[in-house]
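Novice:
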Amino acid sequence: MRVERHRRRHGRGPFRCLQRQSRFAHHDAPPGSETGRVSDSGTLALARESRGRRPTRRKTRACAKMALLARALPCIDYRRAIAALEARVGMFGTGFLHDIRFAMRGALNAPGTTFVIILTLAVAIGANTAIFSVVESVLLQPLPLPEEDRIVRVAATVYPERAGRGDGGSSFSEGGYWHFANNQRSFAKFGAYYGPELLPLTGDGAPRRVGVGHLTLSAFEVFGVAPEVGRLPTPEEDAPGGPSVALLSHDLWVSHYGSDPSVVGRIVELNGVPREVIGVMPAAFDFPLHDVPTPELDVWVPFQLDPASTDIGSVYIAAIARLGPGVTIEAATEDARSLVARFPEIGYPASVFETVFDGGAIVKPFRDHVVRNARQPLLIALGTVGFVLLIACSNVANLLLARAESRRQENAVRLALGSGRSRLVRQMFTESTLLALAGGAAGVVLAHVGIRALVALGPADTLPRVGDIGIDGAALGFTAVVSLMTGVLFGVLPAFRSSSMLTMGALRDGGRNATLGRDRHRTRNALVTTQVALAFIVVIGSGLMVRSFAALRSVDPGFATENLLTFTVQPLPTKYETAEDVAQFYERLLERLEAVPGVMRAAAVNSLPFSVYRCCAWSAVIGDSTEPERQSVPVTHRTTPGYFETMGIPLLEGRGFTPDDHRGRVGSVIISRSVKERYWPDGSALGQPIRWGRAQARVVGVVGDIHDRGLDLPPDQNMYLPMLDAGDRRADFISLLGGGVVVRTSVDPLSLVVAIRSAIAEVEPDLPMADVQTMEDVLSSSMARTSFTMSLLVISALISLFLGAVGIYAVLSYVVSQRTPEIGIRSALGATPQSVRRMFVSQGMRLAVVGVLLGVVGAVALGRVLMTQLYGVSPIDPVTLVAGSAIFLGVAALASLLPAMRAAGTSPLDALRAG
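Numbers 5 to 919, taken from this note's numbering, label the letters of the sequence shown in order.
1. Below 7 Å CB to CB, which residues in the same chain sit around G848 once its five sequence neighbours on both sides are set aside?
2. Taking L802 as the reference, which of H102, T572, V127, D709 has the closest Cα?
3. Indicate whether the contact test is met: 3 or more Cβ pairs, each with one atom in the stretch 864-875 and one in the stretch 548-558, closer than 8 Å.
4. Under the assumption that A335 contacts F184 (Cβ atoms under 8 Å), give the Cβ distance between them as a whole number of angstroms.
5. Please state the DSSP three-state secondary structure of R823.
6. Go to H711, then tell me how far its alpha helix (DSSP H) extends in each direction, as first and last residue.
7. Name the residue from F792, E826, G888, Q535 whose alpha carbon lies nearest to the alpha carbon of N377.
8. To the nearest angstrom, report how far apart E151 and R189 are at their CA atoms.
9. Please report how far the alpha carbon of H452 lies from the alpha carbon of G390, in whole angstroms.
10. F482 and T118 - do their beta-carbons sit closer together than 8 Å?
11. Using the C-alpha atoms, what's the distance from I395 back to V536?
12. What residue from D476, L438, M549 has the CA that sits closest to F494's CA?
13. DSSP puts H218 in a beta bridge; with which residues?
14. Cβ atoms of V854 and F540: under 8 Å apart, would you say?
15. Near P306, what residues of its chain come up, given a Cβ to Cβ distance below 8 Å and the 5 sequence neighbours on each side ignored?
16. In this structure, how does DSSP classify G387 when only helix, strand and coil are distinguished?
17. What separation, rounded to the nearest whole angstrom, lies between the Cα atoms of P35 and L101?
18. I need the straight-line Cα distance from L202 to F614, nearest angstrom please.
19. Quick check: the stretch 470-481 against the stretch 425-444, are there 3 or more CB pairs under 8 Å?
20. Mark G714 as exposed unless 16 or more other C-beta atoms lie within 10 angstroms of its C-beta, in which case mark it buried.
21. May I ask you to report which of helix, strand or coil DSSP gives S177?
22. Do T640 and P726 come within 8 Å of each other at the CB atom, strictly closer than that value?
23. D781 to V573, Cα distance in whole Å?
24. Whether or not the stretch 283-290 and the stretch 192-201 are in contact is what I'm after, with contact meaning three or more pairs of Cβ atoms, one per stretch, closer than 8 Å; do they touch?
25. Give the straight-line distance between the Cα atoms of D315 and V485, rounded to the nearest whole angstrom.
26. Under 8 Å: do the stretch 562-570 and the stretch 746-753 share three or more Cβ pairs, one atom per stretch?
27. Between M723, L144, R526, G545, which has its C-alpha nearest S476's C-alpha?
28. What are the boundary residues of the alpha helix (DSSP H) that includes L783?
29. Given this structure, state the Cα-to-Cα distance separating F661 from V374, to the nearest angstrom.
30. Our contact map puts G658 next to G562 with C-beta atoms below 8 Å; I'd like the distance itself, whole angstroms only.
31. Taking the beta strand (DSSP E) that P323 belongs to, which residues open and close that run?
32. Using the DSSP secondary-structure output, state which residues sit across from K193 in a beta bridge.
33. For a quick check, are the C-beta atoms of V331 and V158 less than 8 Å apart?
34. In terms of DSSP beta bridges, what is M723 paired with?
35. List the residues that DSSP assigns as beta-bridge partners of L252.
36. Less than 8 Å separating the beta-carbons of R695 and S672?
In structure tokens:
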């Protein structure tokens, strides 16, 4: 009795599990067996000791445990123990491992289906991961600047139609900038920048062209970034006439100077001006400064703006600021608008102010400026690949539903033997989750490839933060979440649908293939119709972008692009000190270029079409009247004689420039058609005066409009001036430094690049020839953003179209296999192969037609989302809808035809045997 009490008392310790497991011991062991002897000896030893003196507590506990161990271990039925452990642990224990093994066996037993499912999911999840990685890196990650959400861009706004530029933003003149800087109350720091300029870098290593940005010291303070090596400019270096210094970009420091820290203190020549290198900026300090694609910035120099300047005519400065403590963007905007309203106080003529400036101001986050052109194309791409993922889920759900139906008898037997319905559902969820995770893992590999393709395909203004793009922890987390959600999404319907079909009727079928039930038909048809509708939406979206791109390509730019070579040369101001010197240089250069065999004409212009260097926009008075409606801000170009003939711009009225015009002996101006039609719609513009600043000229010719900012934008109001005129020589000199040259050839322009480079060297040996492109390439680059969006949608549409066709094919193939006995009976009763083929093709086409009709509604909604990306095409374009429907129905017919032909070729005898 004491032993039993001791057992009951001390059996609650660490070995209490043995007592519980003893329930599974073999109690029918023979008395003389080894098991019995071992167990009995342990018990007798414990009893014998108990009859002597009272044992110690430690001995008593040890003897009890040994006796239990000797009795329990050899006699345990381990199968019963494991079953009890599974029942106790449940889904998250051993049973879950069994589900995984079951799912893996099922996947290996059907390798073809498993491969198709994983490949489908890999493409869909990989596309989503790639696009999300780009979106997260470009749009979601904060800029590598301290408190970057407080940094804003500031600009006055203008009437687009009166500014002649088609946009509503404006920069500042020097006087306007200082007006803002000295009177604003909303910004803790207020700075200015300008650039980039492409200037030659010499004096240390091989000469090269670099992008140069001009920043005030206060602009550096707004950004709040310290140099990686060296220091920032001092106030003395930022003052007019201060020491000439420069900071290098990290990329230039690595590529040109080999990451040598001793570069600080060296003297380099930038555009012929010696400058001391005082620092190297971090690699992350790389932001676009303008609203158009610009070259990368390689060098920063102090702006050296004069605080005493009252210049209001030259508008070229952009402003950046850091919001003050507690100041919102809305409050800063109101402050900026009040400062714009006071522009007349600093000398803006009332007529100019009232007709050009609309009294508004823009204050927007700097990050919005950096990603300005990327947001909508990337969000459209993200939404599109989301559709692709839904299509893939629908496709995989159909395949799993077919697999579940093929296991119907097996699952019914398991259900009849006591397996719970929840267990069967859990197994199917486990299988779908494993497939989704496998697809997600493969999708990460495809995403790496996709990201490289996106970076190579995307233009610089659409993917502005290329160095930050990659698969990071956030992207991997996104992939994991998407994979799990995908597994649930395409697994929920097959799991619950198959479990609901497990009735005793499945057992009575005895494995016989019968005609599919109406409910199962309806489920599969709904899935196929859904994926067809989603795929049709993507196809129509891509069709709209293709039509838009075609409409854009068909726009006449206003000049001939064939056999036209463009490049830039930049005379050093230290060698060509006056505007007259620059004009004479171009005379010699163009004369030498036209002597090159294969060159028909050559001309120079300060800003090439589609160039970011558009100098300049002058406030001008058109005609004799000074009425406000006669004010304009035309875009001014300075050209050499023969420019219009070289470019192929038609001369509509008057004449072009002559050598006398070029040498500044007469005041001549040529205007574009839009200027003439606005100010002299019913009469001739020849001889009419135009005044700007301190200069005046008379119209000597009218030429056609050109789209030199983009084919999707209206033509500018252009004013063309000769290289020299009777106006301000300093302004002439500044505007001539753009250095664009156009060469019309009779052969392939690129085949003459070597000869043209040699001709330039004969005129100026140390002058680099840069930005060499054909005009056709320049035109294509101007459409890069539209082309990028179109390419993403077309790729998504092809994937969607393929998945939609696969869905129809898979469903009809399964229907054919299930209806084989029915086909045999029909054939035996006289049905022809044509009628059998027609029956299955019509079934597939019905699904496609219903899906297309549903997709039209979604396609209309998508067209409205794409409206800002379209050019010359309505969001509800009938041609696109009809063409997309025809393409999709044609693909659906082919996808339906293959299973239908297999059904029509089935032998009646074989079909009946299969039943």
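In this text, a Cβ means the ideal position worked out from N, Cα and C, and glycines have one as well.
Specialist: Here's the rundown:
1. Result list for G848: I812, L816, A896, A899, S900, in chain order.
2. Restricting attention to H102, T572, V127, D709, the CA atom closest to the CA of L802 is found in V127.
3. Counting Cβ pairs under 8 Å, three or more are found: they touch.
4. Between F184 and A335 the Cβ distance is about 15 Å, and since that is not below 8 Å, they are no contact.
5. Correct three-state label for R823: coil.
6. Here H711 belongs to no alpha helix (DSSP H), and DSSP marks it neither H nor E.
7. Closest option to N377, Cα to Cα, is F792.
8. C-alpha separation (whole angstroms): 19 Å.
9. Cα-Cα distance, rounded: 18 Å.
10. Result no, Cβ atoms of T118 and F482 do not sit closer than 8 Å.
11. C-alpha separation (whole angstroms): 8 Å.
12. Ranking the options by Cα distance to F494, first place goes to L438.
13. The secondary-structure analysis by DSSP pairs H218 across a beta bridge with Y198, V305.
14. F540 places its beta carbon 8 Å or farther from that of V854.
15. Cβ within range, chain order: H218, L219, T220, L221, P237, E241, D242, G246, V249.
16. Three-state result, G387: helix.
17. Low confidence applies to P35: its pLDDT is 44, below 50, so where it sits in the model is not reliable, and the reading given next is rough at best. In a straight line, the C-alpha of P35 is about 40 Å away from that of L101.
18. Each residue's alpha carbon lies about 15 Å from the other.
19. Between the stretch 470-481 and the stretch 425-444 there are fewer than three C-beta pairs closer than 8 Å, too few to call the two in contact.
20. Only buried fits G714, as 16 or more other CB atoms lie within 10 angstroms of its CB.
21. DSSP places S177 in coil when its eight states are reduced to three.
22. Against a cut-off of 8 Å, the Cβ pair of T640 and P726 comes out as no contact.
23. Rounded to whole angstroms, D781 to V573 spans 19 Å at the Cα level.
24. The count of Cβ pairs closer than 8 Å, one atom from the stretch 192-201 and one from the stretch 283-290, stays below three, leaving the stretches out of contact.
25. The alpha-carbon of D315 is positioned some 58 Å away from that of V485.
26. Yes, since at least three Cβ pairs between the stretch 562-570 and the stretch 746-753 fall closer than 8 Å, the two stretches touch.
27. A small fix is needed here, since residue 476 is Asp in this sequence, not Ser. Answer by Cα proximity: L144.
28. Where L783 is concerned, the enclosing alpha helix (DSSP H) starts and stops at 779-786.
29. It is roughly 41 Å from the alpha-carbon of F661 to the alpha-carbon of V374.
30. Between the beta-carbon of G658 and that of G562 there is about 17 Å, and that puts the pair past the 8 Å contact cut.
31. Looking at the sequence itself, residue 323 is Ala, so the reference to Pro does not match. Its beta strand (DSSP E) spans residues 322-327.
32. R326.
33. Contact: no.
34. In DSSP, M723 forms a bridge with T640, I675.
35. As DSSP reads the structure, L252 sits in a beta bridge with V284, V303.
36. Going by C-beta atoms, R695 is not nearer than 8 Å to S672.
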